[in-house]
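Engineer: Per the numbering used here, the sequence shown starts with residue 36, numbered consecutively. From the three backbone atoms N, C-alpha and C, an ideal C-beta is built for every residue, glycine too. Please read all numbers here as calculations on a predicted model, not as lab measurements. I have a structure here, written as structure tokens, and I will follow up with some questions on it.
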Amino acid sequence: MERTLIILKPDAVQRGLVGEITSRLERKGLKLIGLKMMRLDSALLKAHYIHLIDKPFYKGIEEFMKSSPVVVMAWEGFECVNSVRLIVGATNPRIADAGTIRGDLAIGQGRNLIHASDSKENGETEVARFFEDKEIFAYDKSEYLHVYEPYERA
Ligand code: TYD
Numbered sequence: 036m037e038r039t040l041i042i043l044k045p046d047a048v049q050r051g052l053v054g055e056i057t058s059r060l061e062r063k064g065l066k067l068i069g070l071k072m073m074r075l076d077s078a079l080l081k082a083h084y085i086h087l088i089d090k091p092f093y094k095g096i097e098e099f100m101k102s103s104p105v106v107v108m109a110w111e112g113f114e115c116v117n118s119v120r121l122i123v124g125a126t127n128p129r130i131a132d133a134g135t136i137r138g139d140l141a142i143g144q145g146r147n148l149i150h151a152s153d154s155k156e157n158g159e160t161e162v163a164r165f166f167e168d169k170e171i172f173a174y175d176k177s178e179y180l181h182v183y184e185p186y187e188r189a
């Protein structure tokens, strides 16, 4: 099963959209394996956004991501990294498809509510970056019988 890291950014917390967004991921049939609220610091953000560190807007991202606590979640599911990116929508909410989290709930590019891992490898790396092993939970989800075909939940 793949893992993906979700960050509900300060705008999601401030706008009271934590439940709405989490609910969309739950309803997909994904399995929540880790959840906590935290304040992000510069070192963690630099590691997380290393691909953007030289961009002129990086400083603004860092300031914003530190502006209030965030909610971080680890989710598991069959090929879930791509599924979650489709639910999240394009980086720029103004061109994100209607029906996606960003397309439905956001307007500003730098205020797009949510981070989701963009590859299987980054899913593993990012979950490990934000969660200690003891914060990740292994358990049987009875819903899997109805969410997946047998080969998908193997
Ligand atoms: P990125 O990793 O490219 O997108 P995504 O979050 O969809 O994986 O960018 C990380 C965040 O940086 C993005 O969610 C919002 C912010 N950002 C800007 O503010 N301006 C920009 O031009 C880009 C590309 C990103």
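What residues come near the ligand NAD, if near means a beta carbon less than 6 Å from any of its heavy atoms?
Structural biologist: The ligand NAD is not among the ligands present in this structure, which contains only the ligand TYD.
Engineer: Given K155, which residues of its chain have a CB within under 8 Å of its CB, disregarding the five upstream and five downstream residues?
Structural biologist: Here K155 has E37 and V116 as same chain residues with Cβ atoms under 8 Å from its own Cβ, once five neighbours each way along the sequence are excluded.
Engineer: Considering only their Cβ atoms, is the gap separating I136 from G124 smaller than 8 Å?
Structural biologist: yes
Engineer: For L121, does the count of other Cβ atoms within 10 angstroms reach 16, so buried, or fall short, so exposed?
Structural biologist: exposed
Engineer: DSSP has R38 in a bridge; who is on the other side?
Structural biologist: E111
Engineer: Among the candidates I68, R62, N157 and Y179, whose CA atom is the shortest distance from the CA of E167?
Structural biologist: Nearest C-alpha to E167 among I68, R62, N157 and Y179: I68.
Engineer: Are the Cβ atoms of V107 and K71 separated by less than 8 Å?
Structural biologist: yes
Engineer: Helix, strand or coil for G69, going by three-state DSSP, please let me know.
Structural biologist: strand
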